[in-house]
Every structure is written in C-alpha cells, then in structure tokens.
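Structure first, commentary second.
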Amino acid sequence: MNGFPRSAKRSWLTLPRLRRLSQALFLAIFLVLLCETGLRGSLQPGELAYPVRVFLETDPFIAIANALATHALYRGLLWSLAILIPTLFLGRFFCGWICPLGTLNHLAGSIRSEKKSGRQRIASNRYKSWQSFKYYLLFALLAAAIFGSALAGIFDPIAFAVRSLGLSILPAWNYALEALLEHGRHGAVKLGILLSFKQAYFRQGFLFGVALLVILALNLRITRLWCRAVCPLGALLGLVSRWSILGLEKHPAHCEDCNRCLLDCQGGDDPIPGARWRKAECHLCMNCVAECPEGGIQFRFFPTAANSATMEGAGLRRRKVLAGLGAGALAIPLLRANTGLAAEAHERLIRPPAALDERQFLARCIRCGECMKACPNNALQPAFTEAGWEGIWTPVLAPRVGYCEPSCTLCGQVCPTGAIWEFTSKEKGWAGAAGAGSGPIRLGTAFYDRGRCLPWAMATDCIVCEEWCPTSPKAIYLQPAEVTDAAGNTTRVRQPHIDPDRCVGCGACEFACPLRDRPAVYVTSAGESRSKANQFLLGRAPQPASWLPESSDAPGWTKAGETRQFEAADLWKYVDGDAERYLRAGVRRTFTANYRYGEVLEAVADVHLMNAPAGAASIFESEPSSGSRPVPLGDAGRSYGQSLTFRKGPFFVRLTAYQNTPETERALVSLGQAIERRLGRG
1 MNGFPRSAKR SWLTLPRLRR LSQALFLAIF LVLLCETGLR GSLQPGELAY PVRVFLETDP
61 FIAIANALAT HALYRGLLWS LAILIPTLFL GRFFCGWICP LGTLNHLAGS IRSEKKSGRQ
121 RIASNRYKSW QSFKYYLLFA LLAAAIFGSA LAGIFDPIAF AVRSLGLSIL PAWNYALEAL
181 LEHGRHGAVK LGILLSFKQA YFRQGFLFGV ALLVILALNL RITRLWCRAV CPLGALLGLV
241 SRWSILGLEK HPAHCEDCNR CLLDCQGGDD PIPGARWRKA ECHLCMNCVA ECPEGGIQFR
301 FFPTAANSAT MEGAGLRRRK VLAGLGAGAL AIPLLRANTG LAAEAHERLI RPPAALDERQ
361 FLARCIRCGE CMKACPNNAL QPAFTEAGWE GIWTPVLAPR VGYCEPSCTL CGQVCPTGAI
421 WEFTSKEKGW AGAAGAGSGP IRLGTAFYDR GRCLPWAMAT DCIVCEEWCP TSPKAIYLQP
481 AEVTDAAGNT TRVRQPHIDP DRCVGCGACE FACPLRDRPA VYVTSAGESR SKANQFLLGR
541 APQPASWLPE SSDAPGWTKA GETRQFEAAD LWKYVDGDAE RYLRAGVRRT FTANYRYGEV
601 LEAVADVHLM NAPAGAASIF ESEPSSGSRP VPLGDAGRSY GQSLTFRKGP FFVRLTAYQN
661 TPETERALVS LGQAIERRLG RG
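According to my numbering, the sequence shown is numbered sequentially starting from 1.
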C-alpha cells in the first residue's frame, strides 16, 4: 500500500456502500411517495397522509426560480436550504447520494455494454467541454424566471422524474400488471401498493415515458449524460460547491497510472493524478477513492494546497454566460407575442380549482405533474398548446377524460409552488354553502350544443347531465317541452338548461353525456373565478367599491382617488415584506383607498378579503394588543390612537392615519363604522 494505512483504505471502501444504501433508500422513499400521491379507495375529504411534496420542496433550483418569478418564496420551499447549505460545505452530495433521477441514471450507467468497456469507459469518464452546457442552460432558465415564467420545471430533474414516472411509467406498469392478473381487479387488491385504485390515462404519456427511457439508455454510452450535460439543478449545486471545504487530495507518488479511478467516475471530474480535479462536476460517489489500489487519492476537509490540483469554479466563458442569459430573457417575449396568454385564449384552457390568474399561474407552475397524478378522476391532463407554448405540460381540466370531484382538494395539497392555492372543500363550495364573503370556486361554465342534445335535436328523453350535476342546488334544470317529429306526432320531453349563476364548470355533465364522440354539453373557461376579464355575467366578480365608502357615506371624510385592488399573487406589490403573513392566512383580495378628514387629517383604509373568517381572526390576533383599547366594530376591534383594526366575517380591516391629532381616534372610528356597514351589505 506504499505506506497508506490499510485501516484508512477499508474506511474509504465503506463510503461507496453507504452511498449505494443512501441512493436505494431515497429512491424507495421517492417511489413510495409518488405511488401514494393519489387515492386508493373512496374519496374522503381531508389531507393526504404522506408528504408527497417533500422532494420538490427541498429542490434549491425550484426555490430560486420560484422566488425570482414571483418575488416571494412559497412556504415549504424554504426546506431547500436543507440541501443548499450542506452543499456549501460538502459539494454536490445531493447528486450522488439523494437525487432519484441521478440514482436511476447511476443504475443504468452501471450496466456494462459493448459501447462502454475498458478503455472506452476510461476515455468517456474524462472531463469534456460539453459538460458546461448545463450552466448556460441554468442561466437561461433563471433569466426566464426573472421575466415571470417557470420554464425551469421542464428541465428540473425532480419535476422531470415525477412527470415521467407519474404520468407514464407508473400508469403503464399498472396497465401491464392488471393485464397479467387472472382475476382483474379482484386479484389486484392483493397487490396493494403495486396497483392504483383505477387505471389512469394521460395525454402525451408516451412522450414522457420515451424521454425518460432515452435518457436512461444514453448512460450505456456515456455515464450520467443527463447529469453531466443538461441538469440545471446539478449546475446550480456545482456553482455553490465552489466554496466547499471538502476536497480531493492527490498523491502522484502513490499513482501507478492504472486509471482505475476513472472506470466508475460518475461526474467526469478528472480525479486522476496529473490532471486538475473539477470540484463543480464531482458527485461525491467516492468510487475513485475506493478503486485506487495504492491510496493515491483521498477526500479530506481543508485539503492542503500542495496535494490539491483543483479547479474551484466551473470554468465558464463570459460570452456564453451572457448568451444564456440573453436566450432566456428573449424566449419569454417570443413566447408571449403569440396568441394564447393575452389574446385569443383557448376556450378549453380550464385550470384546476384555486389556480391563480394565468400570468401568475405560469410564473409558478413547474409542470411536475403532482396535481395530475393526485386527481382521483384523472381529470387533470398535461396541456399541449391550449396555454400557448409557454404553458406546455401545465395542468388543464379535460372533462371528456374525467370531472372535478366536488369535495376533492388534493391538487391544492400537493402543489409545491402555490400555482394551485391550498383550499378546503368548504371554500370550494360545490357540495353546499361556500365560505362567507365569497361564492364557490368556478372553473368555467357549461353550454349546450342543441343540435346534438337528444331532447333538443331528436325528441328523445335524456336526463343524464342533470343527474350527474353535483352542485347544490343543481346548475342543470329540466323544462318540459312539446316537440313535433317528422311524422307530425307530438312528443313531450324534458329539455335541459344551464343556470350560469350555479354552474361551477366541474365537467361532470360533459363527462357523463352519452354522446361520447363529441358531447352535447361542454365546458369552457368562461366565468372562471381566477380571472376578472373572463366573465360574461355582470355582478359575478366582487366590486371593490362596494366595500369602501364613498365621500357621502362617512361624515367628515372625503375619498381621495380611486380604490385599488390587489390579488393574492401580487399582494407583495402593496405590502412588500409582510405579504407572506397574509398569504398564510388565506388572503384572496385586498382593496385600499385614501381618505381625507377636513384639512389636517389623511388616512388609508385597507380591506383584506380572506378565504374564511378564521383567516381574518388569525391576522387580527397576530397584531400586538399592547397599547390598544377595544372598540365596538365588527366581530372584534382595537384602536391604537393613530391606527385601528377590526375583523368581520372573512374581512380584516386596517385604518391608518398619517397625522396624530386630538380628533384622529374618533375620526378613524367613524370611518370604520362606515366600512362596517358596507361589509354587511357585501
């Protein structure tokens, strides 16, 4: 061993075993959570029992892209620090020890092939200049995020793995396994976790499966080609690992040029003595140390400079970095200059319940497919061009495949970025009364094609759509009519009609229509709750002026300017730094206006509409009570002299005066009373 301690050699041999154990453990956890992202029995309102978002929430690339696109960080994404901070000290340990897609590539790369054996393996595992492509792709995707687009999710390895496995490989496995079972579903029950509750079908599922299989097959030629050349998360972790204190020491005196350290190198980082070790490319697989028979290389904290021939950075070229940033910045205007987002929106662009407005939705949705996998009725499908090319693979409701279950809230539970806001069945409001202060969540509206509807076109009774309508009271009602056929005979039938005030666009009627080729009733996005512009019924959208008094409603007060309105997604533009507190409490909209009292007092009034009264109460109770006194406003109120807060139902109101005069408190109470009367009407 040339003086290298045998005990130290044995300790290094254990590290690859630990790494393989870690890879197997995390891959198993990932697959179990993915399989459990959904239902295996009757639908019961409530939360999923497993933290299915954990891998996506700990993804630093998703967290940074989400923060750049939305100017905020969605709650669980803070867990990404659990990966990012250790990378500062250890390097790209996530790629070699945890990443499920990296593990699948590692397994595929372990297969010996004629294209990669002997000297070919050694040559292919040397560093290649094309490995820097992932860094330029990273810069392009981050630039796109700055301009408000979550294109990062297309290439993120965790989102890619969830999308490919959840929407293609697992449904294919389910189909094949069921076909092999002699007794169909009766035998499937015995297999438990191996089979889904029902067979799922996804548009473009073949494409997702082929993409994964091609990436895995490429490992037969070049080990972990995806990880080395494409993965933007690996590129991000490689840049962060520049400052890691764990490094590789090389001892040329112990090297006999056997090149065994290159045989199983996963990152193509040149661990061989005589070459510069590229820290940003190393996956910490430890294979090089374990394979070295002479102990010529070893990992060490704070390696000595004399034995560490290391390239700390990624060796990027400034022009290519600028080109990557420019490509990402240019891609968004090119994508949005086409029809789809602002002009000629697709009528079938029906988003899941509680989805944000389209522009904000595209800034957050990472196309991971979690919501589609969780949907119990297989209703959510990956978009192709319905949302323009920028919205490819984002979720859309496909009523011909399935409908939105009235009590289901799973899509909001599994979304890791807030593109679909977390909501309750009460807030959804389809099976009963909606939460106070707001109507039910509307996905769109159903319409009839009377030329195909059996009672309208063929004088044939059919009440399937009315029976399937889940709203209470029903949005579909039947009216008797007399129809004369070609022979002159009069037939009495019941013809269906839609009440647009009650229709929520769930798609149950379209799904159940007996005309399967092209249903006689169909749902479009018209009237969806998430859009103020896509409305066709006057009075459906909340009117901000109805909750803030005009000059004649509050004695002594004069309204100065117009009422401003902020959606939950852009609340940070108004209360930057405090928006997250309101978002956690379930704010839906915020209305604000300025007022004047006489010539000396100015104030601002903020009305926050929450999803439920509990949200308003939580905000009210989070305000400090010291130095305040109770005031008889709403359900509870406090006066601080120069400011005043109160809550009423789902509303939280804050009044703040810019001046402190003897009349300030009394004047604010009078303005609060005027707002309280308005809230009672709203």
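Backbone N, C-alpha and C define an ideal beta-carbon position, used for all residues, glycine too.
Query - Straight-line gap, glutamate 580 to isoleucine 62 (C-alpha atoms, nearest Å) - result: In this model, glutamate 580 and isoleucine 62 are separated by some 18 Å (Cα to Cα).
Query raised in the report: In the segment 49-105, which residue ranges form an unbroken alpha helix (DSSP H) of at least 4 residues, counting only runs that do not cross its ends?
Result: Runs of the alpha helix (DSSP H) inside the segment 49-105: 54-57, 60-70, 81-90, 93-97.
Requested in this report: Decide yes or no for the touch test of the segment 306-323 against the segment 485-502: beta carbon pairs closer than 8 Å, at least 3 of them.
Outcome: With a cut-off of 8 Å, the segment 485-502 and the segment 306-323 do not count as touching, because too few Cβ pairs lie within range.
Query raised in the report: Around the C-beta of isoleucine 350, are 16 or more other C-beta atoms found within 10 angstroms, so that it is buried, or is it exposed?
Result: Isoleucine 350 should be labelled buried.
Query raised in the report: When you compare each of Leu633, Ala69, Ala533 to isoleucine 332 by their alpha carbons, which one comes out closest?
Result: Nearest option by C-alpha distance: Ala69.
Query raised in the report: By Cβ distance below 6 Å, which residues in the same chain neighbour alanine 569 in space, the five residues on each side in sequence not counted?
Result: Closer than 6 Å at the Cβ level, and outside the excluded window around alanine 569, lie Leu356, Gln360.
Query raised in the report: Looking only at C-alpha atoms, which of Thr645, Cys99, Lys250, Trp456 sits nearest to threonine 484?
Result: Checking every option, the nearest Cα to that of threonine 484 belongs to Trp456.
Query raised in the report: Enumerated in chain order, which unbroken segments of the beta strand (DSSP E) with a length of 3 residues or greater are wholly contained in the segment 582-628?
Result: Unbroken beta strand (DSSP E) runs of no fewer than 3 residues, entirely contained in the segment 582-628, are found at 587-597, 601-610, following chain order.
Query - For methionine 311: DSSP bridge partner residues - result: Methionine 311 is bridged by DSSP to Arg278.
Query raised in the report: Tell me which same chain residues have a C-beta within less than 6 Å of the C-beta of serine 168, skipping the five on either side of it?
Result: For serine 168, where only same-chain residues beyond five positions count, the Cβ hits under 6 Å are Gly205, Phe208, Gly209.
Query raised in the report: Of the choices Leu73, Gly439, Ser22, Leu141, whose alpha-carbon is the least far from that of phenylalanine 94?
Result: Nearest in C-alpha terms to phenylalanine 94, of all of Leu73, Gly439, Ser22, Leu141, is Ser22.
Report task. Report the three-state DSSP secondary structure of tryptophan 572 (helix, strand or coil). Result -> Tryptophan 572 falls in the helix class under three-state DSSP.
**Report entry** Close-in-space but distant-in-sequence residues of the same chain around lysine 320 (CB under 8 Å, 5 per side omitted)
**Finding:** Same-chain partners within the cutoff: Ser132, Tyr136.
Query raised in the report: Thinking C-beta only, is alanine 603 closer than 8 Å to tyrosine 658?
Result: At the C-beta level, tyrosine 658 and alanine 603 come within 8 Å of one another.
**Report entry** Terminal residues of the beta strand (DSSP E) in which glutamine 535 lies
**Finding:** That residue, glutamine 535, is in no beta strand (DSSP E); it is neither H nor E in DSSP.
Query - CB contact flag (arginine 278, tyrosine 127, <8 Å) - result: The answer is yes: Cβ separation under 8 Å.
Query raised in the report: When the Cα atoms are used, what is the spatial distance from arginine 17 to leucine 25?
Result: One alpha carbon belongs to arginine 17, the other to leucine 25, and they sit about 12 Å apart.
Query - 8 Å Cβ cutoff met for proline 303 and glycine 267 - result: At the C-beta level, proline 303 and glycine 267 stay beyond 8 Å of one another.
Report task. With DSSP collapsed to three states, give me the class of valine 493. Result -> In the structure shown, valine 493 sits in a strand (DSSP, three-state: E or B).
Report task. Use the C-beta contact count for arginine 317: other C-beta atoms within 10 angstroms, 16 or more gives buried, fewer gives exposed. Result -> If you draw a 10 Å sphere on the C-beta of arginine 317, you find fewer than 16 other C-beta atoms in it, and that means exposed.
Query raised in the report: Identify the residues that DSSP records as bridge partners of lysine 559: which are they?
Result: DSSP lists Tyr595 as partners of lysine 559.
Query raised in the report: Quick one: any contact between the segment 99-113 and the segment 604-613, if contact means 3 or more CB pairs under 8 Å?
Result: Short answer: they don't touch.
Query raised in the report: In chain order, which continuous runs of the beta strand (DSSP E) of length 3 or greater are located wholly inside the segment 293-370?
Result: Listed in chain order, the complete beta strand (DSSP E) runs (minimum 3 residues) inside the segment 293-370 are 297-301.
Requested in this report: Spell out a yes or no on whether the segment 243-258 and the segment 294-302 are touching, meaning 3 or more CB-CB pairs, one atom from each, closer than 8 Å.
Outcome: Enough Cβ pairs lie closer than 8 Å, so yes.
Report task. Measure the C-alpha to C-alpha separation of tryptophan 226 and isoleucine 215 and round it to an integer number of angstroms. Result -> Rounded to the nearest angstrom, the two C-alpha atoms are 7 Å apart.
Query raised in the report: Of all the options Ala253, Leu571, Cys282, which has the alpha carbon lying nearest to the alpha carbon of leucine 262?
Result: Considering only alpha carbons, the answer is Cys282.
Query raised in the report: In terms of alpha-carbon separation, which member of Glu676, Arg224, Thr87 lies closest to lysine 134?
Result: The shortest C-alpha separation from lysine 134 is found at Arg224.
**Report entry** When Phe651, Gly649, Pro650, Leu655 are compared against arginine 638, the one with the closest alpha-carbon
**Finding:** Minimum Cα distance to arginine 638 is reached at Leu655.
Requested in this report: In the DSSP assignment, find the unbroken beta strand (DSSP E) run with arginine 683 in it and report its ends.
Outcome: As shown, the chain starts at 1 and ends at 682. That puts residue 683 outside it, with no answer to give.
Query raised in the report: With 16 other CB atoms within 10 Å as the buried threshold, where does glycine 634 fall?
Result: Around the beta-carbon of glycine 634, 16 or more other beta-carbon atoms lie within 10 Å, marking it buried.
Report task. Assign leucine 248 to one of three DSSP states: helix, strand, or coil. Result -> Strand.
Query raised in the report: For threonine 14, does the count of other Cβ atoms within 10 angstroms reach 16, so buried, or fall short, so exposed?
Result: Exposed: under 16 other Cβ atoms inside 10 Å.
**Report entry** Nearest-angstrom beta carbon gap, glutamate 405 and proline 376 [assumed within contact, 8 Å]
**Finding:** That pair is a contact at about 6 Å.
**Report entry** Buried or exposed by the 16-neighbour rule on C-beta atoms within 10 Å, applied to histidine 497
**Finding:** Exposed, by the Cβ-count rule.
Query - Per DSSP, cross-strand counterpart(s) of phenylalanine 447 - result: Answer is Tyr522, bridged to phenylalanine 447.
**Report entry** tryptophan 243 versus alanine 253 - alpha carbon distance
**Finding:** Between the alpha carbons of tryptophan 243 and alanine 253 lies a distance of about 28 Å.
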